[in-house]
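Chains as they are written, first to last, in full-length UniProt numbering: chain P, 1 to 321; chain U, 1 to 321; chain Y, 1 to 321; chain S, 1 to 321. For reference, the structure discussed in these notes is given below.
There are 4 protein chains.
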Amino acid sequence: MARLPIMIDTDPGIDDAMMLTLAFAHEEFFDMRLVTTCSGNISQDKTNYNARTFLSYIGAQVEVARGLEQPMFRELEMAEEIHGESGFGNVEFPPPTLPVSERPAVTAMLETLLASEEKMTIVATGPLTNVAALLLAHPEVKPKIECISWMGGAAVGGNMSPSAEFNAYVDPHAVEIVFRSGVPVVMSGLDVTHKAFVTLEETKSILAIGTEFAEKAYGLVTHYLDVIKRTPFHEENYDQVLHFHDVCAVMYLLKPELFEGQDCFVEASLEGITAGATVVDFTNRTGEKPNVHVLHSVDREAFVAEFVKAVKVISDRVESR
Amino acid sequence: MARLPIMIDTDPGIDDAMMLTLAFAHEEFFDMRLVTTCSGNISQDKTNYNARTFLSYIGAQVEVARGLEQPMFRELEMAEEIHGESGFGNVEFPPPTLPVSERPAVTAMLETLLASEEKMTIVATGPLTNVAALLLAHPEVKPKIECISWMGGAAVGGNMSPSAEFNAYVDPHAVEIVFRSGVPVVMSGLDVTHKAFVTLEETKSILAIGTEFAEKAYGLVTHYLDVIKRTPFHEENYDQVLHFHDVCAVMYLLKPELFEGQDCFVEASLEGITAGATVVDFTNRTGEKPNVHVLHSVDREAFVAEFVKAVKVISDRVESR
Amino acid sequence: MARLPIMIDTDPGIDDAMMLTLAFAHEEFFDMRLVTTCSGNISQDKTNYNARTFLSYIGAQVEVARGLEQPMFRELEMAEEIHGESGFGNVEFPPPTLPVSERPAVTAMLETLLASEEKMTIVATGPLTNVAALLLAHPEVKPKIECISWMGGAAVGGNMSPSAEFNAYVDPHAVEIVFRSGVPVVMSGLDVTHKAFVTLEETKSILAIGTEFAEKAYGLVTHYLDVIKRTPFHEENYDQVLHFHDVCAVMYLLKPELFEGQDCFVEASLEGITAGATVVDFTNRTGEKPNVHVLHSVDREAFVAEFVKAVKVISDRVESR
Amino acid sequence: MARLPIMIDTDPGIDDAMMLTLAFAHEEFFDMRLVTTCSGNISQDKTNYNARTFLSYIGAQVEVARGLEQPMFRELEMAEEIHGESGFGNVEFPPPTLPVSERPAVTAMLETLLASEEKMTIVATGPLTNVAALLLAHPEVKPKIECISWMGGAAVGGNMSPSAEFNAYVDPHAVEIVFRSGVPVVMSGLDVTHKAFVTLEETKSILAIGTEFAEKAYGLVTHYLDVIKRTPFHEENYDQVLHFHDVCAVMYLLKPELFEGQDCFVEASLEGITAGATVVDFTNRTGEKPNVHVLHSVDREAFVAEFVKAVKVISDRVESR
Ligand SMILES: [Ca+2]
Ligand SMILES: [Ca+2]
Ligand SMILES: [Ca+2]
Ligand SMILES: [Ca+2]
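As structure tokens, this is what we get:
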């Protein structure tokens with residue numbers, strides 16, 4: 001079978017690194033053509049540096065292009081209190097060997113799509129600024145996009161405000177442009193990512209792999225936990241589980257059978273106290289045509305097993321260098 | 001024990017009539033001092049007429065004052081497709097014997113509160129226009145209000161738009177004024193009212209009471225069902241259950257032990273696609289002080305039993321005239 | 001000829017005091033039934049105190065009722081940097097002999113209007129919170145209102161933001177409620193008040209009256225000048241002229257022949273960067289029916305002469321006590 | 001002296017054609033590298049067709065690239081009632097000989113700027129959608145842009161709503177992106193374009209040139225007049241003068257000495273009744289750094305003389321083919 005041609009837009013960030021782990025562990029499945037970085041969890045300077053650092057460390061050979069600095073209209077709000085000042089908590093990696101691409105992210109995305117003979121899939125696990133700018137300025141690429149698998153949004157609740165998830169909150173105008181673009185979108189919002197958790201017990205099985213990479217992966221995810229304990233932004237069982245939000249966007253492409261969702265019309269709220277809310281019309285009250293496949297359920301145990309397997313694959317790759 | 005001094009602001013409307021049934025069945029509990037009508041399900045002309053018609057029919061002796069015609073800023077949107085052109089489906093009542101009060105609603109509320117020696121409770125089961133106008137223009141009454149038990153809003157979802165419940169949607173500015181007023185508010189939103197349903201089977205126990213009033217009550221609630229079947233605004237089990245939204249606001253006062261809720265900070269969205277959403281901060285992300293007690297659960301079977309009991313009480317009263 | 005029955009809503013404030021000077025100098029013309037205070041230039045505590053202080057000093061016999069503390073939705077923004085911490089710059093008056101009315105402002109307005117046999121005129125020279133609350137909660141008074149003569153708004157420009165005048169900026173929702181009320185409104189916005197200026201030379205003719213009151217009046221208006229010199233909020237000839245904004249609202253009633261204006265449809269912008277703008281549709285692009293008489297020109301010299309005359313009248317009254 | 005390297009973004013449209021007349025009459029001054037079409041007065045299909053038609057007719061040799069179909073967030077509102085269904089009133093031209101460029105507009109702009117050794121000037125005389133998409137997606141071009149000379153906006157008043165000019169109204173988000181971009185902007189808003197009028201008498205001097213092109217130019221501008229007579233959107237002397245709005249954006253580059261303006265901070269209102277207003281902070285109340293040079297005055301007679309001269313130049317060129 002032909003591999004799935006994809007590009008990834010990311011703001012590493014801890015769960016972005018876990019997402020990259022899963023994606024690069026499956027080179028037999030994904031034909032990875034480009035990684036671009038967006039501003040979000042931390043600044044563009046840092047997300048780009050971290051993407052190159054992490055990908056260099058795991059031995060990935062891929063172009064890493066630098067994206068836009070700022071959301072379309074709002075001031076950039078970052079999540080350094082979650083991901084640490086560096087974006088990787090206290091875990092350290094050697095300096096990157098992968099260079100910054102000479103092509104800015106939007107140009108790299110544009111040229112990669114236009115050069116592709118097949119339709120490509122875009123994975124986006126940060127604010128959608130880069131993707132929206134591409135679609136807005138270059139609608140001619142739309143026929144080259146199979147779908148956009150995005151981690152972000154929420155049908156119910158939020159984690160930045162009572163009704164907005166972080167990635168959507170940072171750049172709601174970008175979300176709305178992507179939703180309206182006509183390109184198929186799969187939304188891994190908090191509805192499903194809050195079910196895609198890993199228990200503390202299960203994280204120990206990562207540590208048990210016994211490699212340097214596994215140790216770093218364990219360090220990353222448990223930093224997350226330390227932070228979450230100190231914030232008011234927690235769920236009921238906050239001190240016993242970890243949510244690997246961004247991992248869902250790749251896992252869905254790899255194992256769609258683990259997920260359940262519904263095609264709905266979804267709009268982003270741009271202003272006021274609900275800014276960044278992704279309003280999902282589950283019962284089609286608006287009468288509008290569905291534009292987003294909204295994931296809401298996941299086979300959690302299979303999800304965790306697949307993730308641990310990916311850590312092993314990358315561990316072996318790192319060890320064998 | 002002293003009875004609870006209350007006033008009711010309502011827009012009958014089918015479930016408003018059921019709410020009045022429950023309230024007036026418990027004269028041993030409620031000291032009913034005033035009924036005011038708001039514009040909502042249908043126009044002020046009709047809600048005031050219906051309130052007087054229904055209350056006359058059930059033999060209530062109470063002042064019925066006419067309220068404001070229009071929401072604070074938005075155009076009035078009504079729900080005639082749900083409640084029928086008359087507001088009572090196809091069920092007919094004799095003309096009212098109760099007159100329209102000479103006092104406009106806000107003046108009647110103001111004077112009733114100022115004249116009361118004890119704190120009073122306000123039940124509101126329509127858009128909050130009258131209540132908000134009172135609080136805005138006459139903040140001196142606030143110390144005389146024990147709490148406002150309101151049917152309206154929703155922490156999750158909506159029934160007029162994907163994120164707004166009808167009463168909140170019609171006048172979101174009024175909701176926000178009430179929420180900010182400093183007066184304690186209990187919100188019976190869709191979260192709890194969708195759990196306060198009556199099954200078709202159970203409605204037959206109303207009919208089985210065998211009185212004229214029970215027949216009319218049955219006629220009202222099943223009209224509701226006929227309509228709901230024809231609309232796209234339904235829940236999964238839409239053709240087997242009926243929601244007595246407004247009844248919750250009175251039932252909570254009568255039997256608080258049937259309900260569960262949480263004190264939260266809640267804001268109303270005033271503009272844009274989420275206009276009328278009542279954004280509930282369950283996990284106190286905003287850090288704001290709770291201003292609303294948000295009901296989310298109810299002991300449904302006890303709720304239904306209490307309601308059927310009330311139909312019997314009113315039936316006896318009507319028959320014995 | 002019968003005198004004009006009026007009530008005044010004000011937030012003294014320097015130019016509010018000048019407006020009261022003009023109004024109370026013409027007892028042969030105005031039948032003054034009530035003064036209410038609004039929050040604006042300074043807090044309600046201070047505007048009410050200042051109204052009573054100034055009116056006591058000039059020997060006025062009138063009920064002074066305390067109004068609402070806060071704008072309808074926005075946080076109160078005051079102009080203490082213009083009017084001084086006390087609201088009267090460095091000018092001092094003896095403590096008030098007039099008491100605070102036992103009636104809150106909206107109740108006093110309501111009862112005064114309902115008790116009046118003739119239609120009354122409302123002068124408003126601050127944010128419209130009190131007036132809007134009255135009209136919103138008690139629409140039954142509308143037939144008793146001849147017109148509302150308001151100082152506020154601007155067809156072009158602003159003085160609190162590039163497009164909003166102070167009184168409109170403080171409570172734009174109140175402005176919109178008044179504009180939509182159906183009651184005739186005369187708007188003395190910056191368009192006309194910036195033409196109703198007094199030159200430094202002319203202020204000396206106030207001082208030349210030689211009374212204690214004239215000295216205080218001179219002190220008030222020149223404090224204004226001192227402040228304006230220190231702010232960036234000035235017009236071209238800022239250091240040579242003074243604008244008696246609030247005086248226009250009373251002068252128009254007294255001498256309408258000094259003014260020119262146009263009937264227009266006007267709306268208030270409620271949100272965003274233009275919040276508080278009063279959008280005047282001079283060429284009827286919207287096709288909406290005119291709801292406001294927008295003043296744009298004034299016979300400045302006659303205006304100044306009338307004002308100086310009023311200072312003399314009040315001077316005589318104060319001296320003769 | 002080196003010629004000024006420019007590209008033009010336009011939506012012909014009658015005054016766009018007059019603007020192109022002036023620009024292409026001065027090949028000694030302008031180094032014309034690209035024309036792109038935006039959606040505005042009429043649809044993209046028609047503006048692109050008209051640009052190619054008109055430029056073919058006047059013998060221009062230039063790439064004409066097709067731009068974006070829709071504003072960033074709002075629905076496209078067109079002005080067919082002003083410019084006629086075709087966009088050129090009743091005046092007809094032979095079919096275009098110039099082809100549609102194979103490069104979409106944003107790509108053509110991007111590549112033209114990146115390929116230029118000198119900084120380039122962008123003339124924009126329609127909604128700013130194309131320009132904003134370029135700046136948003138490709139901020140790397142900013143150092144290659146000398147300035148953007150835009151016809152659009154208004155410090156005072158509007159022609160689509162009481163506070164918004166047409167080009168700004170159609171895509172206010174695009175305006176805001178351009179204003180915030182850091183690229184110098186010269187705004188020829190209604191403030192100056194309403195002073196850049198041509199009298200009926202003066203238009204006869206166009207007709208008097210006696211050529212086919214002059215006749216067509218006369219036909220275009222007088223169609224304008226016919227239409228304006230039939231609309232309510234007119235100024236006082238509407239039946240005696242014509243406004244050549246778009247011509248200002250080119251005339252300013254050619255003869256800056258004919259204009260007066262001021263550097264100001266300007267923001268676009270995105271929502272509500274003022275959507276599309278360009279709020280100009282003439283007295284720097286906001287304290288923000290100026291981002292736009294706002295033109296407000298023009299030497300009208302010199303402006304008209306220059307324009308008539310341009311019609312002669314193009315006439316000669318067309319005749320001599
Ligand atoms: Ca991320
Ligand atoms: Ca109701
Ligand atoms: Ca004032
Ligand atoms: Ca144009």
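The C-beta atom is built at its ideal place from N, Cα and C for all residues, glycine as well.
Starting from residue i, trace the alpha helix (DSSP H) both ways and give me its first and last residue.
{"i": "Met1 of chain P", "result": "First-last for Met1 of chain P: undefined, no H or E at that position."}
{"i": "Met19 of chain P", "result": "Ile14 to Phe24"}
{"i": "His194 of chain Y", "result": "Unbroken run through His194 of chain Y: none, as it is neither H nor E."}
{"i": "Ala51 of chain U", "result": "Gln44 to Tyr57"}
Against chain U, does residue i count as a neighbour if the rule is that its beta carbon must be under 9 Å from one of theirs?
{"i": "Ala2 of chain P", "result": "no"}
{"i": "Ala277 of chain P", "result": "yes"}
{"i": "Gly158 of chain P", "result": "yes"}
{"i": "Phe179 of chain Y", "result": "no"}
{"i": "Thr36 of chain Y", "result": "no"}
{"i": "Asp9 of chain Y", "result": "no"}
Are the CB atoms of residue i and residue j nearer to each other than 9 Å?
{"i": "Val294 of chain P", "j": "Asp316 of chain P", "result": "no"}
{"i": "Leu22 of chain U", "j": "Ala275 of chain U", "result": "no"}
{"i": "Gly95 of chain S", "j": "Ser56 of chain S", "result": "The residue you asked about is not Gly; residue 95 of chain S is Pro in the sequence shown. It is a contact, given that the beta carbons lie within the stated cut-off."}
{"i": "Val175 of chain P", "j": "Cys147 of chain P", "result": "no"}
{"i": "Ser72 of chain Y", "j": "Ala132 of chain Y", "result": "Sequence inspection shows Met at residue 72 of chain Y; the Ser mentioned does not correspond to that position. Taking 9 Å as the Cβ cut-off, Met72 of chain Y and Ala132 of chain Y qualify as a contacting pair."}
{"i": "Val308 of chain Y", "j": "Ile177 of chain Y", "result": "no"}
{"i": "Met251 of chain U", "j": "Glu201 of chain U", "result": "no"}
{"i": "Phe303 of chain P", "j": "Leu253 of chain P", "result": "no"}
{"i": "Ala154 of chain S", "j": "Ala277 of chain S", "result": "yes"}
{"i": "Met7 of chain U", "j": "Val35 of chain U", "result": "yes"}
{"i": "Leu76 of chain P", "j": "Ser39 of chain P", "result": "yes"}
{"i": "Leu98 of chain U", "j": "Val141 of chain U", "result": "no"}
From what residue to what residue does the beta strand (DSSP E) around residue i run?
{"i": "residue 323 of chain U", "result": "This structure does not reach residue 323 of chain U, given that chain U is present from 1 up to 321, and the question cannot be answered."}
{"i": "Arg317 of chain Y", "result": "Run containing Arg317 of chain Y: none in the beta strand (DSSP E); it sits in the alpha helix (DSSP H), Arg300 to Glu319."}
{"i": "Met32 of chain U", "result": "Phe30 to Thr37"}
{"i": "Ala268 of chain U", "result": "Phe259 to Ala268"}
Looking at the structure shown, is residue i part of a helix, part of a strand, or coil, going by DSSP?
{"i": "His293 of chain P", "result": "strand"}
{"i": "Thr125 of chain S", "result": "coil"}
{"i": "Thr274 of chain Y", "result": "helix"}
{"i": "Ile82 of chain S", "result": "helix"}
{"i": "Met251 of chain P", "result": "helix"}
{"i": "Met160 of chain U", "result": "coil"}
Can you find a C-beta in chain P that's less than 9 Å from the C-beta of residue i?
{"i": "Leu113 of chain S", "result": "no"}
{"i": "Thr274 of chain U", "result": "yes"}
Output yes if chain Y places a C-beta closer than 9 Å to the C-beta of residue i; else output no.
{"i": "Val106 of chain U", "result": "yes"}
{"i": "Arg285 of chain S", "result": "yes"}
{"i": "Leu270 of chain S", "result": "yes"}
{"i": "Phe73 of chain U", "result": "yes"}
{"i": "His138 of chain U", "result": "yes"}
Any beta-carbon of chain S closer than 9 Å to the one on residue i?
{"i": "Ser297 of chain Y", "result": "no"}
{"i": "Glu63 of chain P", "result": "no"}
> Just checking, does the segment 277 to 291 of chain S make contact with the segment 249 to 265 of chain S on the three C-beta pairs under 8 Å criterion?
Replying inline: Result yes; three or more Cβ-Cβ pairs closer than 8 Å.
> Is there contact here, the segment 132 to 143 of chain S with the segment 156 to 167 of chain S, by at least three beta-carbon pairs under 8 Å?
Replying inline: Flag = no, the segment 132 to 143 of chain S and the segment 156 to 167 of chain S do not touch.
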